[in-house]
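Colleague:
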Amino acid sequence: MNINIALIALISVCPLTVFSAVPPMSPKELNESSDLVVTGKVIGISSKISKSKVEKSLGIHRDKIFKVIIKVKTVMKGKGIKVGQEITIGSWQPNVRVPPIPGPQGNRPIPNRGDSITAYLHKKSDNNYSALLPNGFKINNK
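For what it's worth, this note's numbering labels the leading residue of the sequence shown as 1288, then goes sequentially.
1) Rounded to whole angstroms, what's the CA-CA distance from TYR1416 to LEU1408? Just pull it up for me.
2) What are the start and end residues of each continuous beta strand (DSSP E) run of 3 or more residues lying completely inside the region 1344–1412, in chain order?
3) Measuring CA to CA, which of GLN1380, ILE1332, ILE1368 and LEU1345 is closest to PRO1398?
4) Going by DSSP, what residues sit across from ILE1330 in a beta bridge?
5) Whole angstroms is fine: what's the gap from LEU1345's alpha carbon to VAL1309's?
6) Could you spell out where the beta strand (DSSP E) holding SER1339 opens and where it closes?
7) Between SER1313, ALA1418 and PRO1389, which lies nearest to LYS1410 when the distance is taken from Cα to Cα?
8) Please classify PRO1311: is it buried, with 16 or more other beta-carbons within 10 angstroms of its beta-carbon, or exposed?
9) Among the candidates PHE1424, LYS1429 and ASN1428, whose CA atom is the shortest distance from the CA of ASN1318?
10) For the pair the region 1362–1371 and the region 1389–1396, tell me if three or more CB-CB distances fall below 8 Å.
11) Report the rounded CA-to-CA distance for SER1337 versus LYS1369, giving the unit in angstroms.
12) State the start and end residues of the unbroken beta strand (DSSP E) segment that holds SER1417.
13) Identify which residue in ASN1428, ASP1413, ILE1404 and SER1378 has its Cα closest to the Cα of ILE1357.
14) Which residues in the same chain as VAL1385 place their Cβ atom closer than 8 Å to its Cβ, once the five residues preceding and following it in sequence are excluded?
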């Protein structure tokens, strides 16, 4: 009986952290949150699966890491990028979650080679950018 009371007290006092998918940002939120906004054409894309840097809990957690290379057509926000420049954009999606855990689901959609896109970016270093989560790529194909 005392164990049940202690367990209930412990559960009610301990903070619980609940993670969920990140909701898509509105166009206004994307523009305000980004360091750079560019349009361009995807000229290359590669991916690899590696240990998750996002999910730190116990289990087996792997992410698919993408490198998207675009040739910049226009710079809508930010400095340091020129029209015609090729930039590398990092993005990711979860690949394996054992046990399955709710949480951020990475970038959606991931563009394909040849797609015309608008990219909302954070600058990490020279010619190294990451797409905003979760919808930092907008595919503009007609």
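From the three backbone atoms N, C-alpha and C, an ideal C-beta is built for every residue, glycine too. Model, not experiment: these values are computed from the prediction.
Modeller: In brief:
1) 6 Å
2) Segments of the beta strand (DSSP E) lying fully in the region 1344–1412: 1347–1364, 1373–1385 and 1403–1412.
3) ILE1332
4) Secondary-structure assignment with DSSP links ILE1330 through no beta bridge to anything.
5) 21 Å
6) Premise fails: SER1339 is in no beta strand (DSSP E) and is neither H nor E.
7) ALA1418
8) By the 10 Å Cβ count, PRO1311 comes out exposed.
9) PHE1424
10) no
11) 32 Å
12) Its beta strand (DSSP E) spans residues 1415–1418.
13) ILE1404
14) So the list reads GLY1346, ILE1347 and HIS1348, once near-sequence residues are dropped.
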